[in-house]
Amino acid sequence: MELYIAGGCSEHGRNAFLVNSGSFSFLVDAGIMKEKPEVPWPQLSDEQIRGASVLFLTHSHADHTGAAEWLIGKGFSGIIAASRETFRMLPAWPVRTVCLEDLGGPLEITDFFPGLKFLWGRSGHCVGSVWYLFCAGGRSVLFSGDYQEYSAAYRCDEIRDYSADAAVLDCAYGYEKEDARVHRRQLSEALDAFALKDGPLLFPVPSHGRGLDVIRLLEERGIPVMADTSFEEEIRDEHIRPMWFSESFLQAVSGISILSLTPVKEAAEKNDTSLMQLVSGRKGILVKDSQLWDPADIRIAEAVLAAGGNVVLTGKQDPAGYARKLYDEKRAVFCRISVHQNAEEMMRLADKNRFGRVIPYHCRQKLVFDRDNVFVLEAGDRVEL
Ligand SMILES: [Zn+2]
Ligand SMILES: [Zn+2]
């Protein structure tokens with residue numbers, strides 16, 4: 016078995032890995048690298064693309080799926096496999112697709128085709144996100160996908176006691192010191208302090224992911240939540256609930272009623288003077304615009320600040336976004352919600368399994384490990400397993 020890194024190691028974006036068993040090959044993820052427009056696509060030849068029989072997707076985010084259409088344009092005609100919820104968040108593609116849930120449940124072994132077996136588990140990163148363990152020709156390789164065991168919202172089937180010749184593991188936070196549990200405590204403490212005040216709190220969050228963690232923490236403190244109705248729809252969705260949300264999350268939000276953001280959004284779009292009054296008071300407001308690109312969301316942020324409130328950022332900031340501008344001007348606070356692992360968490364995960372080689376991915380920092388079995392690779396590298 017050969018593992019070829021087409022992207023995602025020692026860089027951020029275009030996550031894509033090609034596994035060649037000798038008799039067939041398959042891809043895990045096909046992402047786009049937005050921050051480097053000169054090399055947006057995975058480093059794959061036409062031959063590698065046309066030769067791949069399956070593209071397994073870990074989850075819907077663009078750094079894992081944004082090159083799927085490009086692959087198809089380049090002649091990929093295999094099957095795309097992903098969880099049902101991942102497909103629901105993505106456009107329809109003109110190739111055969113297979114939902115993982117139709118093959119088997121989490122941690123069940125699937126005989127996918129002669130010579131290829133795999134199992135998948137939920138990775139705790141967002142609705143629909145999974146990790147994979149593949150076995151072919153007596154060799155095995157694990158991909159954690161974007162992975163976090165301490166999400167306040169999502170289920171994670173912890174990767175434990177597995178053997179694999181190689182494991183490609185989420186190490187997105189690199190040398191950052193604090194781990195997910197510390198981050199959760201820091202955000203909880205910040206919310207406790209904010210909860211004593213009367214002002215509004217604004218959370219710019221992505222469409223899928225951290226928003227639900229925020230909603231849970233607000234609900235637990237009795238702070239009213241104002242957000243897009245899609246959040247409540249997701250929480251109430253009978254297909255998503257049991258499969259993707261943790262029991263403690265469902266319990267915490269069981270009685271929640273989310274205030275509609277629509278009047279605020281409409282006032283912001285019209286630049287109406289009523290905006291300030293609409294955002295005022297003790298509440299947590301979520302906008303699905305993590306970088307604050309939308310002028311209406313920028314107006315909401317300014318109204319929240321003018322009403323004596325706070326803007327709370329919880330994830331990576333784009334240097335060009337308004338969220339970053341507010342942070343640089345010390346008008347926004349940053350409390351991370353972990354949706355990935357740092358290097359220490361990655362090593363702890365590796366130590367709970369038996370992996371011949373550990374290959375960190377999702378981190379653009381130049382990482383150095385003092386372990387013989389950790390291989391810091393980059394796009395274009397190959398490993399014989
Ligand atoms: Zn992701
Ligand atoms: Zn990612």
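Letter by letter, the sequence shown follows residues 16 to 400 in the numbering used here.
Backbone N, C-alpha and C define an ideal beta-carbon position, used for all residues, glycine too.
Since this is a predicted model, take the numbers as computed values, not measurements.
Environment of residue i [buried if 16+ CB atoms lie within 10 Å]
{"i": "His76", "result": "buried"}
{"i": "Thr80", "result": "buried"}
{"i": "Glu234", "result": "buried"}
{"i": "Phe128", "result": "exposed"}
{"i": "Glu344", "result": "exposed"}
{"i": "Lys298", "result": "buried"}
{"i": "Ile124", "result": "exposed"}
{"i": "Lys280", "result": "buried"}
{"i": "Asp385", "result": "exposed"}
{"i": "Val383", "result": "exposed"}
{"i": "Ala283", "result": "buried"}
{"i": "Asp78", "result": "buried"}
{"i": "Asp180", "result": "buried"}
{"i": "Thr288", "result": "exposed"}
{"i": "His355", "result": "buried"}
{"i": "Asn357", "result": "buried"}
{"i": "Ser178", "result": "exposed"}
{"i": "Ala107", "result": "exposed"}
{"i": "Leu328", "result": "buried"}
{"i": "Thr244", "result": "exposed"}
{"i": "Leu232", "result": "buried"}
{"i": "His254", "result": "exposed"}
{"i": "Pro219", "result": "buried"}
Local conformation of residue i per DSSP, three classes
{"i": "Gly299", "result": "strand"}
{"i": "Asp161", "result": "coil"}
{"i": "Pro55", "result": "coil"}
{"i": "Leu274", "result": "strand"}
{"i": "Pro129", "result": "coil"}
{"i": "Ile315", "result": "helix"}
{"i": "Glu453", "result": "Here the chain covers residues 16 to 400 and nothing more, so residue 453 does not appear."}
{"i": "Val279", "result": "helix"}
{"i": "Trp135", "result": "strand"}
{"i": "Leu328", "result": "strand"}
{"i": "Asp287", "result": "coil"}
{"i": "Ala322", "result": "coil"}
{"i": "Glu26", "result": "coil"}
{"i": "Asp61", "result": "helix"}
{"i": "Pro334", "result": "coil"}
{"i": "Arg363", "result": "helix"}
For residue i, the first and last residue of its enclosing beta strand (DSSP E)
{"i": "Trp85", "result": "Per DSSP, Trp85 belongs to no beta strand (DSSP E); it is in the alpha helix (DSSP H), 83 to 88."}
{"i": "Tyr376", "result": "369 to 376"}
{"i": "Tyr337", "result": "Looking at the DSSP string, Tyr337 is not in any beta strand (DSSP E); the run it does join, the alpha helix (DSSP H), is 337 to 343."}
{"i": "Arg397", "result": "397 to 399"}
{"i": "Leu42", "result": "40 to 43"}
DSSP beta-bridge partners of residue i
{"i": "Phe218", "result": "Leu301"}
{"i": "Leu18", "result": "Val34, Val398"}
{"i": "Ser144", "result": "Looking at the DSSP assignment, Ser144 forms no beta bridge with any residue, so it has no partner."}
{"i": "Arg346", "result": "In the DSSP output, where bridge partners are listed per residue, Arg346 has none listed."}
{"i": "Tyr169", "result": "Phe260"}
{"i": "Phe390", "result": "Phe390 is not bridged to any residue."}
{"i": "Cys150", "result": "Lys132, Ser155"}
{"i": "Ser416", "result": "Given a span of 16 to 400 for the chain in the structure shown, any question on residue 416 remains unanswerable."}
CB contact check: residue i to chain C, cutoff 7 Å
{"i": "Met104", "result": "Among the chains in the structure shown there is no chain C, since it carries only a single protein chain."}
Boundaries of the alpha helix (DSSP H) in which residue i is found, first to last residue
{"i": "Leu290", "result": "290 to 294"}
{"i": "Ser263", "result": "262 to 267"}
{"i": "Leu122", "result": "Careful: Leu122 lies outside any alpha helix (DSSP H) and carries neither H nor E."}
{"i": "Leu382", "result": "Neither: Leu382 is in no alpha helix (DSSP H) and is coded neither H nor E."}
inquiry  = To test your reading of the DSSP string, which unbroken beta strand (DSSP E) runs of 3 or more residues are found completely within the segment 63 to 120?
reply    = 67 to 71, 94 to 97, 112 to 114
ask   = Of all the alpha helix (DSSP H) runs that stay within the bounds of the segment 184 to 257, which reach a length of 4 or more residues?
value = 195 to 210, 226 to 235, 244 to 251
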